[in-house]
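*Asks:* Quick one: this structure, given as C-alpha cells, is what I'll be asking you about.
There are 2 protein chains.
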Amino acid sequence: MAIRPADQIVHKAAWLYYAHGLRQDQVAQQLNISRASVAMYLRKARETGIVNISTSTQLFTDDVMAREIEDAYGLDAVWIAPHGDHVDPAAEVPVLASSVFLELVKKGDRIGVAWGQTVYAIADVMAYADLQDVTVVQLCGNLGAPFAYRPDQCTMEIARRLNAKGLNFYAPLVLSTEGLAKQLRDEPVIREQLAGISDCDLALYSIGTVDGESHVVKCGALTVEAMDALRRDGAAGVVAGQIIDSKGALLDCSYNRRCISADLASLRAIPRRLVVVQEENKFDPLLAGLAGGLATHLVVNHAMARRLLDHARSGAWRKAS
Amino acid sequence: MAIRPADQIVHKAAWLYYAHGLRQDQVAQQLNISRASVAMYLRKARETGIVNISTSTQLFTDDVMAREIEDAYGLDAVWIAPHGDHVDPAAEVPVLASSVFLELVKKGDRIGVAWGQTVYAIADVMAYADLQDVTVVQLCGNLGAPFAYRPDQCTMEIARRLNAKGLNFYAPLVLSTEGLAKQLRDEPVIREQLAGISDCDLALYSIGTVDGESHVVKCGALTVEAMDALRRDGAAGVVAGQIIDSKGALLDCSYNRRCISADLASLRAIPRRLVVVQEENKFDPLLAGLAGGLATHLVVNHAMARRLLDHARSGAWRKAS
DNA sequence: CACCAAAATTGACTTTTGTCAGCGGTCGTG
DNA sequence: CACGACCGCTGACAAAAGTCAATTTTGGTG
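Chains P and Z, in that order, are what the protein sequence lines are. Okay, so the first sequence: first residue is 1 according to full-length UniProt numbering, each after it adds one. Okay, so the second sequence: first residue is 1 according to full-length UniProt numbering, each after it adds one.
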C-alpha cells in the first residue's frame, strides 16, 4: 500500500509525536503548521492505522476458567469477557474480540470472514491497522437484505479497517433449487473462491441460532416455518449461513444443498479459527460448533463461560472426532 | 508472563481507556479511584507494554532510494532516516531502528543482540512491549568496562523493554591467550550458548569502526596500537566484538582467536539480521559487513544511504558469495 | 499494639490536547 | 475572468490529561 503524498505530512506528524515524543506544539513548529492541524493529522494517523494503539488481552485469558475451558474443549485459547460491571456491557464481547482478532492477524495473512450481527459488531469497534498484504475473503454467498451485517458488508468493513484487500463473493447465499446451486458452484469464479477458503490463515465467525431470531431468517434466507421444520430435523446452529446439527456436522437438508458457502472441511483446514459468541441463547449452537471442531480460539462472556464449564463437568460433553 | 494482582487494576484501567475509549474521569468513576490514579495507571500500562503504541515505519522504506539500495546490495528491506531537519537529529536513527526492530519481532522469537553505542541507543529509546515467550540472547562475551553499552547491558535492557527473558553470556569477550579462549569455548555452558545463536529468529547489531574510537578499544579489549596494527593487516570492521576484513570474513589474527563470540556463519544462519549504522565514519565497516552478507535488513541515515548508492553505482561493489 | 518508613492515593493546579466556527485559498464552471 | 462551492487550515476557547505536594494507607518492627 503506497503512501500518497497527502499522507506524508500525516505520517511525519505522527512520527514526531508518537515515536519521538514531541508535544503537538513542537510538532507544529517543526512542520510549520498550526497546532490544530497537528491534532487533526494525528487523529487521521490513528484512523488510518499509521499509528497503532493496542491493549493486551492477557487479562482475559489469564484466568483459571479460561484454562479449564481450553482443556475441557480442546481449544488453543479462550478469552472471557467480564460481566457488565461497566458502562456498556453489550460492547464488551465485540471490543475484546476485535482486540483478540488484531492480535491474531499477521502480515501477509489471508483471513476468512463470515457474517452476522456479532461479526459486524466486532468490525464496527475494530481499530484501524495498516497491515501489508492482507486479504479478507468472504466465506459465503450474499444476501440482498438491507442489513449492515450482511456477508459482503462484514467482509468489506473488516478489510477497510485493516487496510486490506477485500475479496467479495459474487453469488447469493441461497438459491431456489439445488441444481442451480450446484451449477453456480461449478462456475470458475465461484469455484475458485470456494477453493481459496482452505488457504486462509485465520477465520472469524460466530455461530447462529436456529429460531425465528436467526440472522438467516431475518435476512429472508429461510422462513420461520422452514426453520422450525429444520430444527425438528436436528438443526442446532448456523455457521457461515449453513445449518449444522448438534454434532457440528452439516445437516442433510435441501436448504444446505441450496447454499453457496464454505465447506465445513475447508473451514477446519484453517489453522486459527476465532469463534465469538455473545448472546445468551447461543449456548446450544456454540456447543454444536465446538463438537464439530469449528473453533480453535474462542471469545465468550463470563456467563457463557460458566455454562460451558458446567456442561463439560456434567460429563455431557464429547467432541466429535 | 503471569499477571500479578497489582497489575489487574492497571490492566483494567488501560482496557477501559484504550479499548473502550472512556475518558479518564469515567474510568476513575468506574473503578472508584481518583482520576490522578487513573493517569498514573495508564502511564504504567504504557511503560509495561500492556498498552502498545506503535508508528508505522512505511514512510522510511517507501522511498526509491531504499528500493535501489535493496536491489544493489541484495537486502530484504532498507529504511532511511531523513537528515536531521528536526529537533534531535542524532536520535533519528535509533528511534527508527527501534520501531523497525519492534515490527520485526514476533511472539516466541529468539533474538540475538550484540553491543555498542548504537545498539544501546536503540534499546534506550525502545518502547515497552509485552511479548510472550521471547528470549534475548547475548551474541558475545562480556567486558568489565563501566560503559552502559557493554554487551550484558545491551542484552538486558532490550530484554527488559520486551518483557522477555535475557540470556547473558558468562564469559569475557576477549582472553589473554588463545588456549584459554579455546578451553572456555569448550565449556558446556559456553558451548551451549554459542550453539544456540544460529537458532535465533532475529539479530540486532551495528558494525564498529577499526580506529581509536572503536568501542572495542574504548572498552579496553584492544589497545590503540594493536588496533592500528590490525588495520594494516586488513581489519575493516567490528561485528559482535570480532574483527572482519573488507570482504566481511573473520580476520585471521590472534585477537579474533582470543575472542568468545558468535561465529559469523552462525550469524548468517539467523534469517533476519537487522543492521543499524549511524555514524558517518562507519561507511567502510558497513561495506565490509554487507560484503560478508551479515545483513538482511538495514537502517541508515540519508547521508549514508546516498554514499551506499553512489558506491554501488560506481561499480566498486561486489558481494562475497 | 503503637510506631515508623515506604508506598499508594488524592485534590488542586498547570499544561496539553480536542474542537469548531470562520477565514482564505483553490479549482472547476459558466 | 468572475463566481461560487469546496476544502483545508487556523485562532481561540473548552475539555481532558499530566503533575506534584500533601495525605492516607500499608506493611513491617520493636
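Cβ coordinates follow ideal geometry from the N, Cα and C atoms, glycine included. Here the structure is a predicted model, which is why all the values come from computation and not from measurement.
1. Please decide whether Ala91(P) counts as near chain Z, where near means a Cβ-Cβ distance under 8 Å.
2. Can a CB atom of chain Z be found closer than 8 Å to the CB of Trp15(P)?
3. Taking just the CA atoms, how far does Ala39(P) sit from Arg161(Z)?
4. I believe Asp245(Z) touches Ala236(Z) by the beta-carbon criterion, under 8 Å. Please report the beta-carbon distance rounded to the nearest angstrom.
5. Tell me which residues of the region 187 to 216 of chain P have at least one Cβ-Cβ distance to chain Z shorter than 9 Å, keeping chain order.
6. Just to check my reading of the structure: Leu16(Z) and Gln30(Z) have Cβ atoms closer than 8 Å, yes? What is that Cβ distance to the nearest angstrom?
7. Using a threshold of 8 Å, state whether the C-beta atoms of Leu22(P) and Thr57(P) are closer than that.
8. Helix, strand or coil: how does DSSP classify Val119(Z) here?
9. Going by DSSP, which residues form a beta bridge with Asn301(P)?
10. Return the chain-ordered list of same chain residues with a C-beta closer than 7 Å to the C-beta of Val216(P), the five sequence neighbours on each side being excluded.
11. Let's test the definition: count the other Cβ atoms within 10 Å of the Cβ of Gly166(P) and tell me whether it reaches 16, buried, or not, exposed.
12. If we cut at 8 Å on Cβ distances, does Ile3(Z) have a partner in chain P?
13. Using the beta-carbon of each residue, which ones in chain P are nearer than 9 Å to Tyr18(Z)?
14. Tell me, please, whether the CB atom of Ile9(Z) is closer than 8 Å to any CB atom in chain P?
15. Closest to Thr155(P) by CA distance: which of Gly141(P), Ala145(P) and Arg231(P) is it?
16. Straight-line CA distance for Ala114(Z) to Tyr205(Z)?
17. With three or more beta-carbon pairs closer than 8 Å as the criterion, would you say the region 69 to 82 of chain Z touches the region 283 to 303 of chain Z?
18. Judging by CA-CA distance, which residue of Asn32(P), Gln183(P), Val174(P) and Lys182(P) is the nearest neighbour of Ala145(P)?
19. Quick one: does Ser99(P) have its CB under 8 Å from some CB of chain Z?
20. Taking any Cβ of chain P, which residues in the region 124 to 145 of chain Z have a Cβ under 9 Å from it, in chain order?
21. Between the alpha carbons of Met1(P) and Ala123(P), how many angstroms are there, rounded?
22. Would you check if the distance between the CB atom of Ala45(P) and the CB atom of Ala19(P) is smaller than 8 Å?
23. Classify Pro188(Z) as helix, strand or coil using the three-state DSSP reduction.
24. Go to Gly289(P), then tell me how far its alpha helix (DSSP H) extends in each direction, as first and last residue.
25. Excluding five sequence neighbours on each side, which residues of the same chain lie with their C-beta closer than 8 Å to the C-beta of Arg306(P)?
26. Can you have a look at Arg232(P) and say buried or exposed, based on whether 16 or more other CB atoms are within 10 angstroms of its CB?
27. Quick check on DSSP: helix, strand or coil for Tyr149(Z)?
28. Just the C-alpha distance for Arg110(P) and Thr61(Z), rounded to the nearest angstrom, thanks.
29. Under 8 Å between beta-carbons, which chain Z residues line up against Ile50(P)? List them in chain order, please.
30. Could you check whether Val275(Z) and Gly289(Z) sit closer than 8 Å to each other, using their CB atoms as the reference points?
*Replies:* Answer, in terms of the structure:
1. At least one chain Z Cβ lies under 8 Å of Ala91(P).
2. Put simply, the CB of Trp15(P) is near chain Z, with a gap under 8 Å to one of its CB atoms.
3. Their backbone Cα atoms lie some 29 Å apart in a straight line.
4. 5 Å
5. If you check each beta-carbon in the region 187 to 216 of chain P against every beta-carbon of chain Z, none falls closer than 9 Å.
6. 6 Å
7. no
8. helix
9. Ala81(P)
10. Gly208, Leu222, Val238 and Gly241
11. buried
12. Residue placement at Ile3(Z) is poorly supported in this model, since its pLDDT is 43, which falls under 50; the coordinates still yield a value, given next. Answer yes: the Cβ-Cβ gap between Ile3(Z) and chain P drops below 8 Å somewhere.
13. In chain order: Ile53, Ser54 and Thr55.
14. Ile9(Z) does not count as touching chain P.
15. Gly141(P)
16. 5 Å
17. yes
18. Val174(P)
19. yes
20. Val125, Ala127, Asp130 and Gln132
21. With a pLDDT of 44 at Met1(P), under the threshold of 50, the predicted position of this residue should be treated as unreliable, though the coordinate-derived value follows. Taking the straight line joining both Cα atoms gives about 21 Å.
22. no
23. helix
24. Phe283 to Ala291
25. Met65
26. With fewer than 16 Cβ atoms within 10 Å of its Cβ, Arg232(P) is classed as exposed.
27. coil
28. 24 Å
29. In chain order, Thr55, Ser56 and Gln58 make up the part of chain Z whose C-beta sits under 8 Å from the C-beta of Ile50(P).
30. yes
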